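Peer 1: Before I ask anything, here is the structure I am working with.
Protein chains: 2
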Amino acid sequence: MAPAKVQPRVPRGMRDILPEQMIKRQYVMDLMRQVFESFGFEPLQTPVLELKETLMGKYGPEAEKLIYYAQHVQGSEELAMRYDLSVPLSRVSAMYRDLPKPFKRYQMAPVWRAERPQKGRYREFYQCDVDIVGSDSMLADAEIMSVIYEVLNRLGFRQFRILLNNRKILTGLGSYVGVPDEQLGGLYRAIDKLDKIGAEGVKEELLSNGLSHEAIARLMALLTARGSNRELLAELRARLQDYPRALAGVAELEEIVEALGALGVPESAYQVTFSMVRGLDYYTGPIYETVVDEPKIGSITGGGRYDELIGLFTNQGLPATGTSLGIERIIDVMDELGMFPPQIGRTVVQVLVTRFDVASLPASLQVATELRRAGISTELYMEDDALGKQIRYAVRKGVPYLVILGPDEAANDQVTLRHLARGEQETVARAELVSKLRQWASAGQTGELL
Amino acid sequence: MAPAKVQPRVPRGMRDILPEQMIKRQYVMDLMRQVFESFGFEPLQTPVLELKETLMGKYGPEAEKLIYYAQHVQGSEELAMRYDLSVPLSRVSAMYRDLPKPFKRYQMAPVWRAERPQKGRYREFYQCDVDIVGSDSMLADAEIMSVIYEVLNRLGFRQFRILLNNRKILTGLGSYVGVPDEQLGGLYRAIDKLDKIGAEGVKEELLSNGLSHEAIARLMALLTARGSNRELLAELRARLQDYPRALAGVAELEEIVEALGALGVPESAYQVTFSMVRGLDYYTGPIYETVVDEPKIGSITGGGRYDELIGLFTNQGLPATGTSLGIERIIDVMDELGMFPPQIGRTVVQVLVTRFDVASLPASLQVATELRRAGISTELYMEDDALGKQIRYAVRKGVPYLVILGPDEAANDQVTLRHLARGEQETVARAELVSKLRQWASAGQTGELL
Numbered sequence: 064m065a066p067a068k069v070q071p072r073v074p075r076g077m078r079d080i081l082p083e084q085m086i087k088r089q090y091v092m093d094l095m096r097q098v099f100e101s102f103g104f105e106p107l108q109t110p111v112l113e114l115k116e117t118l119m120g121k122y123g124p125e126a127e128k129l130i131y132y133a134q135h136v137q138g139s140e141e142l143a144m145r146y147d148l149s150v151p152l153s154r155v156s157a158m159y160r161d162l163p164k165p166f167k168r169y170q171m172a173p174v175w176r177a178e179r180p181q182k183g184r185y186r187e188f189y190q191c192d193v194d195i196v197g198s199d200s201m202l203a204d205a206e207i208m209s210v211i212y213e214v215l216n217r218l219g220f221r222q223f224r225i226l227l228n229n230r231k232i233l234t235g236l237g238s239y240v241g242v243p244d245e246q247l248g249g250l251y252r253a254i255d256k257l258d259k260i261g262a263e264g265v266k267e268e269l270l271s272n273g274l275s276h277e278a279i280a281r282l283m284a285l286l287t288a289r290g291s292n293r294e295l296l297a298e299l300r301a302r303l304q305d306y307p308r309a310l311a312g313v314a315e316l317e318e319i320v321e322a323l324g325a326l327g328v329p330e331s332a333y334q335v336t337f338s339m340v341r342g343l344d345y346y347t348g349p350i351y352e353t354v355v356d357e358p359k360i361g362s363i364t365g366g367g368r369y370d371e372l373i374g375l376f377t378n379q380g381l382p383a384t385g386t387s388l389g390i391e392r393i394i395d396v397m398d399e400l401g402m403f404p405p406q407i408g409r410t411v412v413q414v415l416v417t418r419f420d421v422a423s424l425p426a427s428l429q430v431a432t433e434l435r436r437a438g439i440s441t442e443l444y445m446e447d448d449a450l451g452k453q454i455r456y457a458v459r460k461g462v463p464y465l466v467i468l469g470p471d472e473a474a475n476d477q478v479t480l481r482h483l484a485r486g487e488q489e490t491v492a493r494a495e496l497v498s499k500l501r502q503w504a505s506a507g508q509t510g511e512l513l
Numbered sequence: 064m065a066p067a068k069v070q071p072r073v074p075r076g077m078r079d080i081l082p083e084q085m086i087k088r089q090y091v092m093d094l095m096r097q098v099f100e101s102f103g104f105e106p107l108q109t110p111v112l113e114l115k116e117t118l119m120g121k122y123g124p125e126a127e128k129l130i131y132y133a134q135h136v137q138g139s140e141e142l143a144m145r146y147d148l149s150v151p152l153s154r155v156s157a158m159y160r161d162l163p164k165p166f167k168r169y170q171m172a173p174v175w176r177a178e179r180p181q182k183g184r185y186r187e188f189y190q191c192d193v194d195i196v197g198s199d200s201m202l203a204d205a206e207i208m209s210v211i212y213e214v215l216n217r218l219g220f221r222q223f224r225i226l227l228n229n230r231k232i233l234t235g236l237g238s239y240v241g242v243p244d245e246q247l248g249g250l251y252r253a254i255d256k257l258d259k260i261g262a263e264g265v266k267e268e269l270l271s272n273g274l275s276h277e278a279i280a281r282l283m284a285l286l287t288a289r290g291s292n293r294e295l296l297a298e299l300r301a302r303l304q305d306y307p308r309a310l311a312g313v314a315e316l317e318e319i320v321e322a323l324g325a326l327g328v329p330e331s332a333y334q335v336t337f338s339m340v341r342g343l344d345y346y347t348g349p350i351y352e353t354v355v356d357e358p359k360i361g362s363i364t365g366g367g368r369y370d371e372l373i374g375l376f377t378n379q380g381l382p383a384t385g386t387s388l389g390i391e392r393i394i395d396v397m398d399e400l401g402m403f404p405p406q407i408g409r410t411v412v413q414v415l416v417t418r419f420d421v422a423s424l425p426a427s428l429q430v431a432t433e434l435r436r437a438g439i440s441t442e443l444y445m446e447d448d449a450l451g452k453q454i455r456y457a458v459r460k461g462v463p464y465l466v467i468l469g470p471d472e473a474a475n476d477q478v479t480l481r482h483l484a485r486g487e488q489e490t491v492a493r494a495e496l497v498s499k500l501r502q503w504a505s506a507g508q509t510g511e512l513l
C-alpha cells in the first residue's frame, strides 16, 4: 500500500508568494534598493536565527510574547527567530567595532511575529530597513525621511504624509501635564488613539488614567493644534519653554525640517504630529511614520532614533536612527490603486519559441539560445504538442511574443514572429530576429520590457 | 546599576555578511537572476517555516537529523525550518494545481541544516534553485544544464565540468553486478567515493559489501572507462543491453547530450560520469553536479530529476527536474581566483559630498540630492569635521570621488570634484557636475560604476 499523502499546506499566518505577485514584489524591492544605494546605504545580511538572549528585553513584554524560538535535535543553544532588523543591526554594530562610522546599511529580509493572523497581516513578513549608526546629527534623521520620500515618490505615491514627532517631546508633555515618567506608557497609549477614537475618546481615557480636567485641556490644545510645521514647532517652543527635555526635542525637529527643505522633500510630504507615538520601547528621539489617506491601511513606514539600543550590547554605545518600509502594505496600496506600470505583467517571459517537429527542433533550440544571450526572456515549449495548444499556453500565461519555426522557416534560415495581442505576424531572417523584436516592442503600446 | 551587557555574538555555524562581502553576493545573485529570467524561470517565494509533516520522510534519515524545528509560546502546530527548496516547491506544485505547466520557477533563499560547522560550511546558507515542474521531456534537463553553463560562463568560470549521470543507470548497474535493490544504498556510497579513495579503495569497500571479485571487475571497467560523452554512452549501451532500466537511462542521457549541442553548451563543459551519485534520496532520473579543478572545493552545483517527490503530496504526481547553485562556494572560488570585476568594490558609494560650514550646508544637501536623483550613489558627510578628516573617511571606505563645496564654490554656484586615487581635481559649474562625473568615470581606468 502506498503511504498516505501529506496534505500540502502552509503554517497558520504564512503564505507562498506565487510568480505574478513576486514580479510585483521584485519591482518594488529593486526600486527600493536603487534608492537606498543612491543614498550610500550598504547591503547587510544577518542570520535569521539569533541567540535568544540577543532578542530578550528589547521590544517590550507584549512584543516579546510573539517571538518564535528554534532548535535542532542535538543543539544546546537557545535560538530565536528574527523579530525585526534593528536589534540584529545593533548587535552587528556592537560586534564589529571597526566598521567605518557612520555605518549606513540597508537590509530587506523576513521577520517573524506570532500575531493573530488577519487580512493583510502575516506571521512571516518582510521588512525593508535603512539605518544610520554612529551619528547623532539630525541630518541622519532628515536623510532617513528623505529616503522614504524618494522611494514613495518614485513608486508613484502622491497622497502620503510622513508624520514626525519626538520621544523627547512626548516625555516633556508628560511633565507638562504632571504625568510621572513611570506612567508615560499609559499616556502614550491614550494619545496614540487620537486618530481612532477622536479627541473625546482620548479625553475620557486620560480622565480614567487620573489626569485632571485642566491637565487634559492643556494637553489636548497641543495635540489638536493646526498649522504649518514651523508654526506648530514655534507654538510648542513657546508653551514648553520651562521643560528643557521637550525643548531639546523641538530643536531637533526644527533642524530636521530645515534639512528636509534643502534635501528637496516638499513641505506637503511631512507633518509634525504630536499625537504620533510609535509602539516599540527602544525609541529615544525623533520618530516618523508614513500614512496614506486611501486606502485605509495603517502606516506604511515606521521608524525613529534609538540611541540606547546598541549600548545594551557594549559599553561603547552608539547613536542610531532608521526606518522600516512595509513592503507588504505598500504593495497592497499599489495593487488597490492600480499603480504598477504596464510592463509589470503576469510572467517574466517575453517570447515563447514554439516547436514544430523533430527535424526543426535543433533550430528552435538555437533560436532560444540566441534570444536568451541577447537578454530576452525566452521560454522554449517543451512538449511535442500541436501549434494551437502551444499558442493557447502562451495566451494563458500572458506571454506577448511567439516565435514559430517550421520546416519552411528552418530551410530558409527564417523565423515567423507573432505578437499575440495585436495579432500581427511577420517572417524574418533569423539573424534579424533580435533587432526586429526590439523594434516591435518599442513601437508597440504594450510596454513589454525588451 | 545598569543591566549586564549581552555579549554580541551569533549562533554556532551562523554568520553576518558585512557590506564588502554582500556587494559580491549581490553581483552574483543579480547575474543569476538575469540568466534565470532569460530562460523564462519565474520568481517564487515560500515561507521559511513549513509544517514538520511537509519535510518528514523526504531527505533520508541522516539528512532528517539536521532539520531545525520552531515554535512560539502559544503555538500548537509542529513547525520546521526549510531544509532545501525542492520539497517546498513540490508542496507548492501539489497545492496550486492551476499553475500553468510546465511550471518553471527560480528561488534564491536561505536553508538550515545543523551540520557540524567547519571552514566554508554554515548552518544557514543560501540555495539558488531553478526547477521545471510538469515536464518529463529531457529538454527540461538539458535546459537546466544549459542554465548552469550560462551562469558559470558569464561569471567568468572557464575550468568547470558538469558531471552527468542517471539514477536509472545506477540502478541498472546494481542489477548488472547482482546487487539487489535494497542494498543499492551501500553500492552508491562506495561508488561515490571513487574521487576520494581511488579505484583500489572502492574495490575494497565493495568486497567488504559482499560483492564478488568478478562483479567488481565488471563494475570498475564501466566506472573508469574514458572517452567522449557519446563513446561512453555507446559503450554502456552495448554492455547493458540486457538491462532495460539502465538502457532507459542511457537513452535519456543521449537525448540530453543531443539537446545540449543545439543549446550552445560546448562539449568540454560536461562529462558523463557513471561514478557520480548525488546524496539525496529523491532523485529518479538524470542527475548533474558541477566541479571545478581549482580550488578543490567540492561541487558548486547539484541537482537532478525527482519525478516522484510531488506525488508524496497528491494523487496526481508531476515529473520535475532542477538544480541548486551553491552561491557560497561559487563566491569562495571567485574570491580565491580574483574573478570579480574591478567595479565590484568595497562600498556602493561613488561620491562623498563633504560639508564645509553651516552657511554652505544647504548647498551641500542640494548637491547630494541632485546626484542621487541622477542615480549616482552619494553619501553626505554628516559630522561637522575638518576637511582632512572627511577625506580620510572617504579613502578608508574606498569611495572614488569627492565633492567639495566651500564658501567660494557656493557663492559661484560651483563645486570642486576630486578623484581620490588619481589625485585629479577640477572646479565646475554645479549644473555640469553630473555630466562631468560620468565623463571622468568613463575616461578613467578605475572602473567605477556611474
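Residue numbers (my numbering), protein chains in the order written: chain A, 64 to 513; chain B, 64 to 513.
Note that the Cβ used here is the ideal one computed from N, Cα and C, for glycine as well.
Every value quoted in this text rests on a predicted model; they were computed, and no experiment measured them.
Closest by CA to VAL328 of chain A, which one among A:LEU415, A:ARG481, A:SER291 and A:ASN216?
Peer 2: A:ASN216
Peer 1: Mapping the DSSP letters down to three states, classify ASN228 of chain A as helix, strand or coil.
Peer 2: strand
Peer 1: Please state whether the Cβ-Cβ distance between PRO349 of chain B and GLY197 of chain B is less than 9 Å.
Peer 2: no
Peer 1: Identify the residues that DSSP records as bridge partners of MET144 of chain A: which are they?
Peer 2: A:LEU112
Peer 1: Give the DSSP-derived three-state secondary structure of MET171 of chain B in the structure shown.
Peer 2: strand
Peer 1: Just to make sure I have the definition right: I need the residues of chain A whose C-beta is within less than 9 Å of the C-beta of SER200 of chain B. Which are they?
Peer 2: MET445, GLU446 and ASP447
Peer 1: Taking ALA288 of chain B as the query, report the chain A residues whose CB atoms sit under 8 Å from its CB, ordered along the chain.
Peer 2: Neighbours of ALA288 of chain B on chain A: none; closest Cβ ~28 Å, over 8 Å.
Peer 1: Between the region 403-410 of chain B and the region 374-381 of chain B, do three or more beta carbon pairs fall short of 8 Å?
Peer 2: no
Peer 1: For a minimum of 4 consecutive residues, which ranges assigned as the alpha helix (DSSP H) are wholly contained in the region 455-494 of chain B?
Peer 2: When DSSP assignments are scanned along the region 455-494 of chain B, the uninterrupted stretches of alpha helix (DSSP H) that are 4 or more residues long and fall wholly within it turn out to be 470-474.
Peer 1: Going straight from the alpha carbon of ASP420 of chain A to that of ASN475 of chain A, what length do you get?
Peer 2: Those two C-alpha atoms are separated by around 16 Å.
Peer 1: Is it the case that the Cβ atoms of LEU434 of chain B and VAL458 of chain B are separated by a distance below 9 Å?
Peer 2: Annotated as distal: LEU434 of chain B and VAL458 of chain B, with beta-carbon spacing of 9 Å or more.
Peer 1: Let me know the secondary structure DSSP gives VAL412 of chain A once reduced to three states.
Peer 2: coil
Peer 1: Taking MET402 of chain B as the query, report the chain A residues whose CB atoms sit under 8 Å from its CB, ordered along the chain.
Peer 2: Within chain A, no residue comes near MET402 of chain B; the closest Cβ sits about 20 Å away, beyond 8 Å.
Peer 1: On the three-state DSSP scale, how would you describe GLN508 of chain B?
Peer 2: With a pLDDT of 47 at GLN508 of chain B, under the threshold of 50, the modelled position of this residue cannot be trusted; read the value that follows with caution. Residue state, collapsed to three classes: coil.
Peer 1: With H, G and I counted as helix, E and B as strand and the rest as coil, what does DSSP make of VAL196 of chain B?
Peer 2: strand
Peer 1: What separation, rounded to the nearest whole angstrom, lies between the Cα atoms of SER238 of chain B and LEU250 of chain B?
Peer 2: 11 Å
Peer 1: If distances are taken between C-alpha atoms only, which option among B:GLY248, B:VAL214, B:GLN222 and B:GLN108 comes closest to TYR169 of chain B?
Peer 2: B:GLN108
Peer 1: Measure the Cβ-Cβ separation of THR386 of chain A and GLY366 of chain A and say whether it is below 9 Å.
Peer 2: At the C-beta level, THR386 of chain A and GLY366 of chain A come within 9 Å of one another.
Peer 1: Buried or exposed, going by whether 16 or more other CB atoms sit within 10 Å of the CB of GLN488 of chain A?
Peer 2: exposed
Peer 1: Alpha helix (DSSP H) containing VAL155 of chain A: first to last residue?
Peer 2: The continuous alpha helix (DSSP H) containing VAL155 of chain A extends over residues 149-158.
Peer 1: Is the CB of ALA426 of chain A under 9 Å away from at least one CB in chain B?
Peer 2: yes
Peer 1: Could you name the residues of the same chain whose beta carbon sits closer than 6 Å to that of LEU388 of chain B, not counting the 5 residues immediately before and after it, in chain order?
Peer 2: CYS191 and THR364
Peer 1: With DSSP as the reference, label GLN429 of chain B as helix, strand or coil.
Peer 2: Helix at GLN429 of chain B.
Peer 1: For ILE439 of chain A, would you say it is in contact with chain B, using Cβ-to-Cβ distances shorter than 9 Å as the test?
Peer 2: yes
Peer 1: Which residues in chain B sit within 8 Å of HIS482 of chain A, going by Cβ to Cβ distance?
Peer 2: Ordered by position in chain B, no residue passes the 8 Å Cβ test against HIS482 of chain A, which lies about 18 Å from the chain.
Peer 1: Using the DSSP secondary-structure output, state which residues sit across from SER362 of chain A in a beta bridge.
Peer 2: A:VAL354
Peer 1: Do we get a CB-CB distance below 9 Å when we pair ALA133 of chain B with the residues of chain A?
Peer 2: yes
Peer 1: Taking all protein chains shown into account, decide if LYS359 of chain B is buried (16 or more other Cβ within 10 angstroms of its Cβ) or exposed.
Peer 2: exposed
Peer 1: Taking LEU310 of chain A as the reference, give the member of A:LEU296, A:SER275, A:HIS482 and A:ALA322 with the closest Cα.
Peer 2: A:LEU296
Peer 1: For GLN453 of chain B, write down the residues that DSSP places opposite it in a beta bridge.
Peer 2: Note: GLN453 of chain B sits in no beta bridge, so no partner.
Peer 1: What do you reckon, are the CB atoms on ALA205 of chain A and LEU323 of chain A nearer than 9 Å?
Peer 2: yes
Peer 1: From the beta carbon of LEU468 of chain A, is the nearest beta carbon of chain B less than 9 Å away?
Peer 2: no
Peer 1: What whole-angstrom Cβ distance do ASP395 of chain B and GLY183 of chain B have, given they're in contact under 8 Å?
Peer 2: 6 Å
Peer 1: I think ALA437 of chain B touches VAL497 of chain B, with their Cβ atoms under 8 Å apart; what is that distance to the nearest whole Å?
Peer 2: 5 Å
Peer 1: Can you find a C-beta in chain A that's less than 9 Å from the C-beta of PRO243 of chain B?
Peer 2: no
Peer 1: For TYR159 of chain B, go through chain A and note every residue whose CB falls closer than 7 Å to its CB, in chain order.
Peer 2: LEU81
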